[in-house]
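>
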Amino acid sequence: MQNIITRLSCVTVKRLTIFTMAFILVACSAVRIGFNNGETVSYWWLNSYVDFEDGQKSLVKGRLENLFAWHHKTQLRDYAKLVSRIQHRDLAAASKADLLNDYEEGMKYLTLVTDRAAPDLADLALSLTPAQITHIEEKLEKNNLKFRKEYLRGDRLNRQEFRYKKMMKQAEYWFGNFSRAQEQKLRVLSDARPLNNELVLADRMRRQMELVALLKKIHGEKPGKEATTAMIKKYVAATADHYGNKEHQAYFDVLTDANAVLVAEMMRMATAEQKSHFVKALQDWISDFNRLSAKAAA
1149 MQNIITRLSC
1159 VTVKRLTIFT
1169 MAFILVACSA
1179 VRIGFNNGET
1189 VSYWWLNSYV
1199 DFEDGQKSLV
1209 KGRLENLFAW
1219 HHKTQLRDYA
1229 KLVSRIQHRD
1239 LAAASKADLL
1249 NDYEEGMKYL
1259 TLVTDRAAPD
1269 LADLALSLTP
1279 AQITHIEEKL
1289 EKNNLKFRKE
1299 YLRGDRLNRQ
1309 EFRYKKMMKQ
1319 AEYWFGNFSR
1329 AQEQKLRVLS
1339 DARPLNNELV
1349 LADRMRRQME
1359 LVALLKKIHG
1369 EKPGKEATTA
1379 MIKKYVAATA
1389 DHYGNKEHQA
1399 YFDVLTDANA
1409 VLVAEMMRMA
1419 TAEQKSHFVK
1429 ALQDWISDFN
1439 RLSAKAAA
């Protein structure tokens, strides 16, 4: 968990990035499975961090059910429209600007969800025990250990190779197989992206440190729900701005641009067969969004 606030629902929140270039690079069929079972996936994900007590279980399940009901009823039609627009884009003319615009629109949807979830998160935060906050700290450290093992091993060439292979695995979900010539072009673009995993770890650890401090403050001061909600929203906003760290802000801004360049080129180089594969993959998502939305409205 990068943080328990902005990822209240690993499906509802994290998966909203499907509207961005990250959607092209990191989403996969497993995400669709999670989206279709959002409440259950989100509950077990949260429980792995908090270790809910009996009295909290029904509360969390009920709030997640309400959140997903609202989300499916009010948001999914808009998601389908956005994905449909991407689906009908002329891939041969895809540009970095197009993808960055998609990214910004996706962030607006993300903000709507985090704002909606904030009061429920406030209730959860107010209910946490010291033992549960410690459990969250321990889980975060386990995640950081995993990150170090995966992303801080080897030299720069090893890390570029690892990143490239992860990217290509997801690219193949969207476009199917790539030719050797295409792979070579994508490898050049992949390696051209900034790579500073130490900075990424430092950034995530800062978010985690601030999260734990916030949870301890809420437990110690027991502010009311309204005040706690405001504290949570302030935390979310601060994480989005990397706590004013200019170096971190600059790194992620450049990385976002480089990802957009890579995906735009991936779209432009797509063959007729790859375009057909891409359109079908997006249609699967659109169909899921429309089906879940209709179910929620029934």
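According to this note's numbering, the residues represented by the sequence shown are 1149 to 1446, in order.
Even for Gly, the Cβ is constructed at its ideal location relative to N, Cα and C.
1. Provide the residue span of the alpha helix (DSSP H) that contains G1324, from first to last.
2. Compute the beta-carbon to beta-carbon distance between Y1257 and T1404, rounded to the nearest angstrom, for a pair I have assumed lies under 8 Å.
3. Shortest alpha-carbon distance to A1429 belongs to which of F1200, L1260, F1323 and K1365?
4. Excluding five sequence neighbours on each side, which residues of the same chain lie with their C-beta closer than 7 Å to the C-beta of C1176?
5. Extract the residue ranges of the beta strand (DSSP E) inside the stretch 1241 to 1288, only unbroken runs of 3 or more that lie entirely within it.
6. Where does H1236 land, buried or exposed, given buried means 16+ other C-beta within 10 angstroms?
7. Pull up the CB-CB distance for H1220 and L1440, whole angstroms please, since I reckon it's below 8 Å.
8. Are R1355 and T1387 touching if we call contact CB-CB under 7 Å?
9. So L1274 packs on T1376, CB below 8 Å; how close in whole Å?
10. Pick from S1190, A1217, S1206 and W1193: whose alpha carbon is nearest that of K1443?
11. Pop quiz: A1340 and A1245 are said to be a contact at Cβ under 8 Å. What is the actual Cβ separation, rounded to whole angstroms?
12. In whole angstroms, what separates the C-alpha of G1372 from that of I1366?
13. Might you give, ordered along the chain, the residues of its own chain that have their beta carbon closer than 6 Å to the beta carbon of V1409, omitting 5 neighbours on each side?
14. Measuring straight from C-alpha to C-alpha, what distance separates A1418 and A1242?
15. Below 8 Å, can you find three or more Cβ-Cβ pairs linking the stretch 1342 to 1354 to the stretch 1288 to 1296?
16. Which whole-angstrom value is the C-beta distance of Y1197 and K1209, which I expect to be below 8 Å?
17. Nearest-angstrom Cα distance between N1438 and L1194?
18. Does the Cβ-Cβ distance between A1265 and L1215 come in under 7 Å?
19. Whole alpha helix (DSSP H) runs in the stretch 1323 to 1376 with 4 or more residues, listed along the chain?
20. How is the alpha helix (DSSP H) around A1429 delimited, first residue to last?
21. On the three-state DSSP scale, how would you describe L1293?
This is what the structure holds:
1. Within the sequence shown, the letter at position 176 stands for residue 1324. Here G1324 belongs to no alpha helix (DSSP H), and DSSP marks it neither H nor E.
2. Locating residue 1257 in the sequence shown gives position 109, where the first residue counts as 1. Locating residue 1404 in the sequence shown gives position 256, where the first residue counts as 1. At roughly 17 Å, the Cβ-Cβ gap does not stay under 8 Å, so Y1257 and T1404 are not in contact.
3. Within the sequence shown, numbered from 1, the residue matching residue 1429 stands at position 281. If we check each option's Cα against that of A1429, F1323 comes out closest.
4. As a first step, residue 1176 must be located in the sequence shown, where it is residue number 28. In this prediction, C1176 scores a pLDDT of 44, lower than 50, which makes its location untrustworthy; no coordinate-derived value is stated.
5. none
6. In the sequence shown, residue 1236 corresponds to position 88, counting from 1. Exposed: under 16 other Cβ atoms inside 10 Å.
7. In the sequence shown, counting from the first residue as 1, residue 1220 sits at position 72. In the sequence shown, counting from the first residue as 1, residue 1440 sits at position 292. Yes, H1220 and L1440 are in contact; Cβ-Cβ is about 5 Å, under 8 Å.
8. What you label residue 1355 is simply residue 207 of the sequence shown in a count that begins at 1. What you label residue 1387 is simply residue 239 of the sequence shown in a count that begins at 1. Yes. Within cutoff.
9. Indexing the sequence shown from 1 puts residue 1274 at position 126. Indexing the sequence shown from 1 puts residue 1376 at position 228. The pair is a contact, with the Cβ atoms about 6 Å apart (cut-off 8 Å).
10. Residue 1443 sits at position 295 when you count from the first residue of the sequence shown. Residue A1217 is the option with its Cα nearest to K1443.
11. Position 192 of the sequence shown, counted from the start, is the residue given in the question as residue 1340. Position 97 of the sequence shown, counted from the start, is the residue given in the question as residue 1245. Actually they are not in contact, since the Cβ atoms of A1340 and A1245 sit about 18 Å apart, beyond 8 Å.
12. Stepping through the sequence shown from its first residue, residue 1372 is reached at position 224. Stepping through the sequence shown from its first residue, residue 1366 is reached at position 218. Those two C-alpha atoms are separated by around 9 Å.
13. By one-based count along the sequence shown, residue 1409 stands at place 261. Here the set comprises K1244.
14. Within the sequence shown, the letter at position 270 stands for residue 1418. Within the sequence shown, the letter at position 94 stands for residue 1242. Between A1418 and A1242, the C-alpha separation is close to 11 Å.
15. yes
16. The count along the sequence shown starts at 1 and reaches residue 1197 at position 49. The count along the sequence shown starts at 1 and reaches residue 1209 at position 61. Incorrect: roughly 16 Å between the Cβ atoms, too far for contact.
17. On the sequence shown, residue 1438 is found 290 positions in, with the first residue counted as 1. On the sequence shown, residue 1194 is found 46 positions in, with the first residue counted as 1. Going by the C-alpha atoms only, they are around 27 Å apart.
18. Your numbering for residue 1265 matches position 117 in the sequence shown. Your numbering for residue 1215 matches position 67 in the sequence shown. Yes, Cβ-Cβ distance for A1265 and L1215 is below 7 Å.
19. 1328 to 1340 and 1345 to 1369
20. Start at 1 with the first residue of the sequence shown, and residue 1429 comes out as number 281. Looking at the DSSP string, the run of the alpha helix (DSSP H) that includes A1429 is A1420 to A1445.
21. Along the sequence shown, read from residue 1 onward, the residue named residue 1293 stands at position 145. Helix, per DSSP.
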